[in-house]
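Novice: This structure is in structure tokens; I'll ask about it shortly.
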Amino acid sequence: QHCFRKSEDGFLYCEGLRVQDVMNQVEKRPFYLYSKPQIARNFEAYREALEGLRSIIGYAIKANNNLKILEHLRELGCGAVLVSGNELRLALRAGFDPTRCIFNGNGKLLEDLVLAAQEGVFVNVDSEFDLDNIISAARIAGKKVNVLLRINPDVDPQVHPYVATGNKNSKFGIRNEKLQWFLDAVKAHPNELKLVGAHCHLGSTITKVDIFRDAAVLMVNYIDEIRAQGFEISYLNIGGGLGIDYYHAGAVLPTPRDLIDTVRELVLSRDLNLIIEPGRSLIANTCCLVNRVIGVKTNGTKNFVVIDGSMAELIRPSLYDAYQHIELVSPPPSDAQISTFDVVGPVCESADFLGKDRELPTPPRGAGLVVHDAGAYCMSMASSYNLKMRPPEYWVEDDGSVSKIRHGETFEDHVRYFEGL
Ligand code: LLP
């Protein structure tokens, strides 16, 4: 069962709590509200799906880098996928086992690769210069690095172009024409590199598992080719990218089990360890951005609900034209008229919208309004534009109590950057 549900009494609940009651209890500003048990349920779905396979679930920290959430996922048994030195440092601080961490990226810095080499994390090779830096890092750290080749499989993930990564002209990974060059380069550096596997990541918000299957078929062929040259590689990393049901309109989307089942036989046939890198499908649906209605207005043919949250806290609608479901947390007054609204924030940009053309009962001032599925790529992409300052985060604990899991940023935090200059 899902953590956020509208009950028959017309109130939105997070686990056993009315979101309205949580609003009355915490700061009067937009905030993120998570369910801790939902995070565990989402992880469990992956863990169960992977039974019978040797595997690593590498949670993509970029989706949500709250330290409390990272610690929770680590306790549950997760590994981590990192794309910067600071994500690596945070993963270490959260206690992740470095040998269950994977360092990804097309522009990894030498100093960060040195840390990765020292700690013994897997490193994905993205380009010629990247390989060069990994070799240098291995020498500086005095450690052999376990590497996977990130192969660009040229598979169309059928998603928004900004979140497609495995197509031929993308900036990520190695094209097959160059595979032999990389194998020769790895062979020439036996003291610095150990090739342990192959990686691909197709993109994000993928809602058809056939796409993963097509990529996995290509990848095991590459693995056969690489093994035929004497490399003893044992890891297939198929990346992340499973989409979620943002629309809340009753569609049936593939589950973690559907994803794993579509590649299971391939993985077993080559006796491989499977690495997956889920971000969104682990964390997105565990959270809502909770906002207050400031007022309602009409201009021309458009009706607007103006809320205190904005593109600063949640940029996905503005950046990718993404749909995230919006609803009121309490029953509207019985005479509230239903109209079509754009739900907008107070930021000085016309790109500042959370939802367009939404049918909603006209909300009274001060009403609570949530944007669903805000656990992934919302807080981690938030900014302090217009000095909105990043919001606080709370979660509902297993025992039903509410705890703060990140302080909201304040005006004083901003002013502090100028002290002593
Ligand atoms: N592995 C790699 C190498 C990635 O680049 C990504 C995401 C993931 C794993 C995790 O993918 P997920 O399971 O979360 O789909 N900001 C965009 C999404 C960007 C995804 C970037 N890469 C959004 O808000 O939709």
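Numbers in UniProt numbering are just positions in the sequence shown, counted from 1, shifted up by 64. In this text, a Cβ means the ideal position worked out from N, Cα and C, and glycines have one as well. Small disclaimer: the values here were computed from a predicted structure and weren't measured.
Cβ-heavy atom distance between Leu-247 and ligand 1 below 8 Å?
Specialist: No, Cβ of Leu-247 sits at least 8 Å from all heavy atoms of ligand 1.
Novice: Rounded to whole angstroms, what is the Cα-Cα separation between Lys-70 and Ile-402?
Specialist: Computed Cα separation, rounded: 18 Å.
Novice: Please specify which runs of the beta strand (DSSP E), each continuous and at least 3 residues long, are wholly inside the stretch 225–269, giving them in chain order.
Specialist: Counting whole runs of 3 or more residues, the stretch 225–269 contains the beta strand (DSSP E) stretches 257–263.
Novice: In this structure, does DSSP put Phe-107 in helix, strand or coil?
Specialist: Of the three classes helix, strand and coil, the one that applies to Phe-107 here is helix, per DSSP.
Novice: Of the choices Leu-173, Ile-133, Glu-139 and Gly-141, whose alpha-carbon is the least far from that of Asn-150?
Specialist: Minimum Cα distance to Asn-150 is reached at Leu-173.
Novice: Excluding sequence positions up to five away, which residues of its chain have a Cβ less than 8 Å from the Cβ of Ser-119?
Specialist: Contacts found: Asn-337, Leu-338, Ile-339 and Ile-340.
Novice: Tell me whether His-478 counts as near ligand 1, meaning its Cβ is closer than 8 Å to at least one heavy atom of that ligand.
Specialist: No; taking the cut-off as 8 Å, the Cβ of His-478 has no heavy atom of ligand 1 nearer than that.
Novice: Does the beta carbon of His-389 fall short of 8 Å from some heavy atom of ligand 2?
Specialist: For ligand 2, the structure offers nothing, since it holds only ligand 1.
Novice: Can you round the beta-carbon distance between Arg-328 and His-263 to whole angstroms, since I take them to be within the 8 Å contact cut?
Specialist: With a Cβ gap of about 18 Å, Arg-328 and His-263 do not count as contacting.
Novice: Is Lys-132 close to ligand 1? I mean its beta-carbon at under 8 Å from any heavy atom of the ligand.
Specialist: No; taking the cut-off as 8 Å, the Cβ of Lys-132 has no heavy atom of ligand 1 nearer than that.
Novice: So the beta strand (DSSP E) Ser-99 belongs to, where does it begin and stop?
Specialist: First-last of the beta strand (DSSP E) with Ser-99: 95–99.
Novice: State the beta-bridge partners of Gly-122 as determined by DSSP.
Specialist: DSSP, once it has assigned bridges, lists Gly-143 as partnering Gly-122.
Novice: Which residues does DSSP list as the beta-bridge partners of Asp-309?
Specialist: Answer by DSSP bridge pairing: none, since Asp-309 is not bridged.
Novice: Determine the direct distance from the alpha carbon of Asp-477 to that of Arg-111, and round the result to whole angstroms.
Specialist: Their Cα atoms are separated by approximately 40 Å.
Novice: Going by C-alpha to C-alpha distance, which of Asp-220, Tyr-384 and Leu-266 sits closest to Leu-306?
Specialist: When only C-alpha atoms are compared, the closest one is Leu-266.
Novice: Secondary structure at Lys-92, three-state DSSP: helix, strand or coil?
Specialist: Three-state result, Lys-92: coil.
Novice: Can you tell me where the alpha helix (DSSP H) holding Phe-475 begins and where it ends?
Specialist: 475–480 is the span of the alpha helix (DSSP H), which, as asked, contains Phe-475.
Novice: Leaving out the 5 sequence neighbours to the left and right, which residues in its chain are closer than 8 Å to Ala-113 when beta-carbon positions are compared?
Specialist: Around Ala-113: Thr-319, Pro-320, Arg-321, Leu-323, Ile-324 and Asp-325.
Novice: Contact between the stretch 196–210 and the stretch 239–256: three or more CB pairs below 8 Å?
Specialist: Yes, since at least three Cβ pairs between the stretch 196–210 and the stretch 239–256 fall closer than 8 Å, the two stretches touch.
Novice: With respect to the alpha helix (DSSP H) encompassing Val-327, which residues constitute its N-terminal and C-terminal limits?
Specialist: Unbroken alpha helix (DSSP H) run through Val-327: 320–333.
Novice: Identify, in the order they occur along the chain, each residue of the same chain with its Cβ nearer than 7 Å to the Cβ of Gly-439, setting aside the five sequence neighbours on each side.
Specialist: Excluding positions up to five away in sequence, the list reads Tyr-98, Asn-128, Ile-347, Ala-348, Asn-349, Thr-350 and Cys-351.
Novice: Which residues does DSSP pair with Ser-403 in a beta bridge?
Specialist: BP columns for Ser-403 point to Leu-424.
Novice: Helix or strand or just coil, what does DSSP make of Gly-439?
Specialist: It is coil, neither helix nor strand.
Novice: Are at least three pairs of beta-carbons, each pair with one atom in the stretch 285–293 and one in the stretch 99–109, less than 8 Å apart?
Specialist: No, the stretch 285–293 is not in contact with the stretch 99–109.
Novice: Considering only the beta carbon of each residue, do residue 565 and Ile-121 sit closer than 9 Å?
Specialist: The structure shown does not extend to residue 565, since the chain is modelled only from 65 to 485, so the question has no answer here.
Novice: As a quick exercise: from Asp-399, Leu-177, Glu-72 and Arg-429, pick the residue whose alpha carbon is nearest that of Val-360.
Specialist: Among Asp-399, Leu-177, Glu-72 and Arg-429, the Cα nearest to that of Val-360 is on Arg-429.
Novice: Could you give the distance in angstroms between the alpha-carbon of Asp-406 and the alpha-carbon of Gly-373?
Specialist: Distance between the alpha carbons of Asp-406 and Gly-373: 13 Å.
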